[in-house]
Amino acid sequence: MAYWRSYKIRDNLSLRHLRLPGFHLADESLPFQIGMNISVKEYNDFLDTNESSGYKFHYDKKNVYIIAMASSQGVISYIQECFKKPNNRVIRSPIMVSGQPFHNNPIGIGEKIAPDTAVRPREWFVQRANAYPYFPRGDFTGNSHARIICEVASTQKIELWNTKCETWMHEEYVRCVFGLKIYPKINIQGIVHQSIIVSLQDYGYVEHYQVVCYPQIQL
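Residue numbering for the sequence shown follows the UniProt record's numbering, starting at 1 and increasing by one per position.
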């Protein structure tokens, strides 16, 4: 697909060994290819080593791309606060909200994927996943599988954001996928507008809300 083509041309030989770029990636450089002819094991090992790199990665037909910057801890904290409200703001609520926990790609070939934010039940409500001969029926640290997935995209291309949201709905444990596509701010005659697309998916139901603008006065 066209949006997988990296805007930065690199030597093929350098792409056969996965490594992070040694320079800052501008938004217009994404997606940026960092590997080709990479096995699933090599890719998964790379994710484990670079879990806190600050990037979002994607594996596509043995090619590896950096597709966006990972969501900040501030975003995760805000979503955690939102989920506390329906639970009377108890300290040890029945759910856990975490950022980018690795799960098995439900339509992949064994590669790991990580949502921006995942909501899962605590162990005293739902036991840890049983051992499975192929892929874990939970995250890769042995916790129960996420039930609610949140995907947030700012620099990430909208086609990939939408595809990733749809991918999660192929997992039987996932009950709902909530997506946000945030566009850059635009200054129109001293008023800043920022557009957002909101996506909500569950079984048999997909809703894409219209773009909403939030005007702000530019001081």
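Quick reminder that beta carbons are idealized off the backbone N, C-alpha and C, glycines included.
For a cut-off of 8 Å, the C-beta gap from residue 30 to residue 50 is around 17 Å, too long to register as a contact.
Taking a contact to require three or more Cβ pairs closer than 8 Å, the region 62–71 and the region 119–126 do not qualify as touching.
Note on the region 27–104: whole alpha helix (DSSP H) runs with a minimum of 4 residues are 40–49 and 73–84, in chain order. Measuring C-alpha to C-alpha distances from residue 119 to each of 195, 162, 151 and 193 identifies 151 as the nearest.
Residue environment: residue 77 is assigned as exposed (fewer than 16 neighbouring CB atoms within 10 Å of its CB, all protein chains considered).
For a cut-off of 8 Å, the C-beta gap from residue 60 to residue 102 is around 17 Å, too long to register as a contact. One thing to note: residue 176 has its Cβ within 8 Å of the Cβ of residue 148. Apart from sequence neighbours up to five positions away, the residues of its chain that approach residue 174 with a beta-carbon distance below 7 Å are 146, 147, 149 and 168, ordered along the chain. The beta-carbon distance between residue 66 and residue 15, rounded to whole angstroms, is 12 Å. This is too long to meet the 8 Å contact definition. Ranked by Cα distance from residue 154, the options 43, 45, 181 and 84 are led by 181.
Counting only the Cα atoms, residue 98 lies some 19 Å from residue 200. Taking C-beta atoms as the reference points, residue 64 and residue 110 fail to come closer than 8 Å.
For residue 159, there is no enclosing beta strand (DSSP E); the residue is part of the alpha helix (DSSP H) that begins and ends at 158–168. Here the alpha carbons of residue 190 and residue 116 stand approximately 33 Å from one another.
Separation of the CB atoms of residue 18 and residue 112 is rounded to 14 Å, and the pair is thereby denied contact status at 8 Å. Between residue 171 and residue 106 the beta-carbon gap is near 4 Å, inside 8 Å, which marks them as a contact.
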